[in-house]
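Everything on this sheet refers to the single structure shown next.
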Amino acid sequence: MLPFLKWGHVMRAILSVLGAAILYCAIGSSSLQAQERSAVRQGFVLPPQSGKTILVLRPSVRVAEQSTGGLAEPRAEWTDQARAHIGAALVELQRQLGNTVIAAPEAYGEDARTVAEHLALFGAVSDAVVQYQFFVGNRLPTKKRDNKAGQFDWSLGPDVAKLPGAEQADYALFLHTDDQFGSTGRKMLQIVGAIAGVGFTSGVHKGSAGLVDLKTGDLLWLNADFQMGGDVREADGAMKRVRQLLEDFPGSAIPRDAPSAETPSGGKP
Amino acid sequence: MIARARLAIGLVALVAGRMGQAEPALPPPYAGAYQPQGVDEQGLWALMDEEERRFAQSDMVMREAALQAYVTKVLCDTVGADRCGATRVYIVRVPVFNASMSPNGLMQVYSGLLLRVHSEAELGAVLGHEFGHFEARHSLEQLKTQRSSGDVMAWAFVLANMAPSYDVVRAYRNLQLTIIGNFYRFGRNQEREADGLGIGYLNSSALRPQAAAQVWERLMSEFTADARAKGLKKPRFDRIPFYATHPPEAERAATLTLLARPDAATRDDGAARYRAALAPWLPQLLEDQIKLNDFGASEFIIQSLAESGWTAPLWHARGELYRMRGAPRDLVHAAQFYAQAIALDDTHAEAHRGLGLSLLKSGQTAPGQQALRRYLALKPDAPDAKLIGMMIPKEVPAP
Numbered sequence: 012m013l014p015f016l017k018w019g020h021v022m023r024a025i026l027s028v029l030g031a032a033i034l035y036c037a038i039g040s041s042s043l044q045a046q047e048r049s050a051v052r053q054g055f056v057l058p059p060q061s062g063k064t065i066l067v068l069r070p071s072v073r074v075a076e077q078s079t080g081g082l083a084e085p086r087a088e089w090t091d092q093a094r095a096h097i098g099a100a101l102v103e104l105q106r107q108l109g110n111t112v113i114a115a116p117e118a119y120g121e122d123a124r125t126v127a128e129h130l131a132l133f134g135a136v137s138d139a140v141v142q143y144q145f146f147v148g149n150r151l152p153t154k155k156r157d158n159k160a161g162q163f164d165w166s167l168g169p170d171v172a173k174l175p176g177a178e179q180a181d182y183a184l185f186l187h188t189d190d191q192f193g194s195t196g197r198k199m200l201q202i203v204g205a206i207a208g209v210g211f212t213s214g215v216h217k218g219s220a221g222l223v224d225l226k227t228g229d230l231l232w233l234n235a236d237f238q239m240g241g242d243v244r245e246a247d248g249a250m251k252r253v254r255q256l257l258e259d260f261p262g263s264a265i266p267r268d269a270p271s272a273e274t275p276s277g278g279k280p
Numbered sequence: 028m029i030a031r032a033r034l035a036i037g038l039v040a041l042v043a044g045r046m047g048q049a050e051p052a053l054p055p056p057y058a059g060a061y062q063p064q065g066v067d068e069q070g071l072w073a074l075m076d077e078e079e080r081r082f083a084q085s086d087m088v089m090r091e092a093a094l095q096a097y098v099t100k101v102l103c104d105t106v107g108a109d110r111c112g113a114t115r116v117y118i119v120r121v122p123v124f125n126a127s128m129s130p131n132g133l134m135q136v137y138s139g140l141l142l143r144v145h146s147e148a149e150l151g152a153v154l155g156h157e158f159g160h161f162e163a164r165h166s167l168e169q170l171k172t173q174r175s176s177g178d179v180m181a182w183a184f185v186l187a188n189m190a191p192s193y194d195v196v197r198a199y200r201n202l203q204l205t206i207i208g209n210f211y212r213f214g215r216n217q218e219r220e221a222d223g224l225g226i227g228y229l230n231s232s233a234l235r236p237q238a239a240a241q242v243w244e245r246l247m248s249e250f251t252a253d254a255r256a257k258g259l260k261k262p263r264f265d266r267i268p269f270y271a272t273h274p275p276e277a278e279r280a281a282t283l284t285l286l287a288r289p290d291a292a293t294r295d296d297g298a299a300r301y302r303a304a305l306a307p308w309l310p311q312l313l314e315d316q317i318k319l320n321d322f323g324a325s326e327f328i329i330q331s332l333a334e335s336g337w338t339a340p341l342w343h344a345r346g347e348l349y350r351m352r353g354a355p356r357d358l359v360h361a362a363q364f365y366a367q368a369i370a371l372d373d374t375h376a377e378a379h380r381g382l383g384l385s386l387l388k389s390g391q392t393a394p395g396q397q398a399l400r401r402y403l404a405l406k407p408d409a410p411d412a413k414l415i416g417m418m419i420p421k422e423v424p425a426p
């Protein structure tokens, strides 16, 4: 019972494990996190230049500075910049793919609740895909056979057709990015840590993107990457980020970045 | 030895660096259309603004305009109309005693709190405490403390690794415990400050400030009753555990008693107004509490609400509580309680339903079916009408 909590209780819980977290950052191997995975629903093909309309729901964008101790300090200006740049980059890249991007209209009342519910539902479904299908070793017993057969069968249900703006679009695109840029202190810690024999990571750059069929609610494509490139605070960087997010987009002709700067892509599950 | 000296020097330098930053005085966060100042506050507010977009559409929020308006009015009566405009009050359907405040003025009031306070003054005491967190910018200070604590710990970790001898590791662990302990103490002191601000608002409002301590006294009684029902030891309300986020209840009750203006003891606490305003939602709040399957606490809450007079919803809730536990002896009591509810309000359909089900289960078929018939007569379009109908032989069509 924690009477009279304020929102800081989450942070407190984080601090109570901070000691462990520092240790984790120190010893945490990057092998598990360095993976990028994507998958396309079987039988789904989107020929290039097919001129589809894609509804983009409000992307979840969070940009923070990572303090020396590893705390995410939220940064309003960076988040605003990233949101604007990512939106612009998305429109441009989809135009190159021959698709039209429309932003979801402002929703009110019941509609707004439907949108919020679907954003949360997509978050839960994509987390489940990442947790139980994308990475070996943590797979659900009931999904093992599907994995072997290369099946990718997840859905948000047909209610997505009721989303505001859904009737004018073919697919819905969900975007999520979470960035923490290492502060000067964090980088110093990294350098001194290297001398002391403790490896600290600096910065967190995660992202995921998913495409959902607005008629059936089926998840058509999902891409998750825990170590993304591109500084989302700048237009060029945001372009690189969105290009990486859309890398394996169905029907994509987006050229990959130079292989040296690229995290090797994992195989299809 | 050298390593230890280095560790000490590093820490001294860090602490000195933190202390050197002087904070400029800021305007209160409720003044006018206040805009957050500085990167940290702007970051926190932006984060919570984005969160509020999502939260405002959550299904946990009770969209009851009248209830929301009433709770907002109590907040304004407590902290003053000039302040309360900076907040948005959301009532969330969570049947536990709590409320929370975000740095940007998003206030969450849990439905379990509304069930447990008995007057406008008691509710105002809690809302005032939360508003105190907002006015004193506690989340921002929390972030800064957390950041500096984490920074010191990270550096100490690196330094300790440079010379991982037994002494250094021990010194590092001691430092770690000290920092974590200090952080929680800092949080508890913020709560004490918020308690002080909250009682200050009440003192200068028209409500009775002595009510603030009552909230905690009743909560302690509830915890005690709950522990007794579970066969546990009487809980201690005077100890401060290492990770405690709040001061102990007994301390808060004692402090609030001391800080309440003595000459304000005769003021109205708005208990009658509170009861009248909450009456439409009381059955739902009680139902949510009963479903927690926490017999001792639920029984205590019902009994304490009944101190101002038993009503049909209270008798019905008590009947539900006993019927849900469902031991044969509970069903006997449940039937009595439902009967009390019916005696006060013969049109209380759910009481007839509960009475019928309790009687059927304890083998009294005829009176049980009679009560269920009455339920269906009062509420023919009840969602469980078909199910209940099957328990009454006459209502089942011949196959």
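In the order they appear, the protein sequences are chains A and B. Last residue of the first sequence: number 280 in our numbering, and the count goes up by one each step with no gaps. Last residue of the second sequence: number 426 in our numbering, and the count goes up by one each step with no gaps. Glycine included, C-beta positions come from ideal geometry on N, C-alpha and C.
Who are the neighbours of residue i on chain B, taking C-beta pairs under 8 Å?
i, result
"residue 244/A", "Going along chain B, no residue has its Cβ under 8 Å from residue 244/A, so there is no contact; the nearest lies around 14 Å."
"residue 209/A", "184, 185, 188"
"residue 200/A", "181, 182, 185"
Output the distance between the C-alpha atoms of residue i and residue j, rounded to the nearest integer angstrom.
i, j, result
"residue 247/B", "residue 240/B", "11 Å"
"residue 198/B", "residue 217/B", "28 Å"
"residue 345/B", "residue 230/A", "48 Å"
"residue 251/A", "residue 49/A", "17 Å"
"residue 184/B", "residue 242/A", "30 Å"
"residue 380/B", "residue 399/B", "5 Å"
"residue 104/A", "residue 95/A", "14 Å"
"residue 82/A", "residue 257/B", "40 Å"
"residue 102/B", "residue 362/B", "40 Å"
"residue 237/B", "residue 168/A", "54 Å"
"residue 73/A", "residue 156/B", "30 Å"
"residue 170/B", "residue 90/B", "32 Å"
"residue 69/B", "residue 75/A", "12 Å"
"residue 16/A", "residue 255/A", "Only weak support exists for where residue 16/A lies, its pLDDT of 38 falling under 50; the coordinates are left without a value."
"residue 150/B", "residue 260/A", "53 Å"
"residue 309/B", "residue 220/B", "32 Å"
"residue 279/B", "residue 209/A", "44 Å"
Going along chain B in order, which residues have a C-beta closer than 7 Å to the C-beta of residue i?
i, result
"residue 203/A", "185"
"residue 188/A", "By Cβ distance, chain B contributes nothing, its closest Cβ being about 13 Å from residue 188/A, past 7 Å."
"residue 78/A", "174, 177, 178"
"residue 196/A", "178"
"residue 82/A", "173, 174, 177"
"residue 123/A", "84"
Can you tell me whether DSSP reads residue i as helix, strand or coil?
i, result
"residue 137/B", "strand"
"residue 225/A", "coil"
"residue 374/B", "coil"
"residue 381/B", "helix"
"residue 234/A", "strand"
"residue 61/B", "coil"
"residue 343/B", "helix"
"residue 124/B", "coil"
"residue 17/B", "Here chain B covers residues 28 to 426 and nothing more, so residue 17/B does not appear."
"residue 157/B", "helix"
"residue 254/A", "helix"
"residue 76/A", "strand"
"residue 192/A", "strand"
"residue 50/A", "strand"
For residue i and residue j, which I take to be in contact (beta-carbon distance under 8 Å), what is that distance rounded to the nearest angstrom?
i, j, result
"residue 63/B", "residue 113/B", "12 Å between Cβ atoms; not a contact."
"residue 343/B", "residue 378/B", "5 Å"
"residue 123/A", "residue 67/A", "16 Å between Cβ atoms; not a contact."
"residue 283/B", "residue 226/B", "5 Å"
"residue 92/A", "residue 244/A", "5 Å"
"residue 412/B", "residue 403/B", "6 Å"
"residue 236/A", "residue 221/A", "At roughly 12 Å, the Cβ-Cβ gap does not stay under 8 Å, so residue 236/A and residue 221/A are not in contact."
List the residues of chain A whose Cβ lies closer than 7 Å to the Cβ of residue i, in chain order.
i, result
"residue 81/B", "127"
So residue i contacts chain A; which residues on that side make the cut at Cβ distance below 9 Å?
i, result
"residue 73/B", "85, 86, 87, 88, 90, 91"
"residue 69/B", "85, 86, 87, 88"
Which chain A residues sit within Cβ distance under 8 Å of residue i?
i, result
"residue 321/B", "Here the premise fails: no neighbours, minimum Cβ distance about 11 Å."
"residue 315/B", "Simply none; closest approach about 17 Å."
Give the residues of chain B in contact with residue i, contact being defined as C-beta atoms less than 9 Å apart.
i, result
"residue 135/A", "Neighbours of residue 135/A on chain B: none; closest Cβ ~14 Å, over 9 Å."
Query raised in the report: Could you give the uninterrupted runs of the beta strand (DSSP E) lying entirely in the stretch 75-113 of chain B, keeping only those of 3 residues or more?
Result: none
Query raised in the report: Residue ranges of each alpha helix (DSSP H) run of no fewer than 4 residues wholly in the stretch 270-316 of chain B, ordered along the chain?
Result: 276-286, 298-305
Report task. Quick one: which unbroken alpha helix (DSSP H) runs of 4-plus residues sit fully inside the stretch 80-155 of chain A? Chain order, please. Result -> 87-108, 120-140
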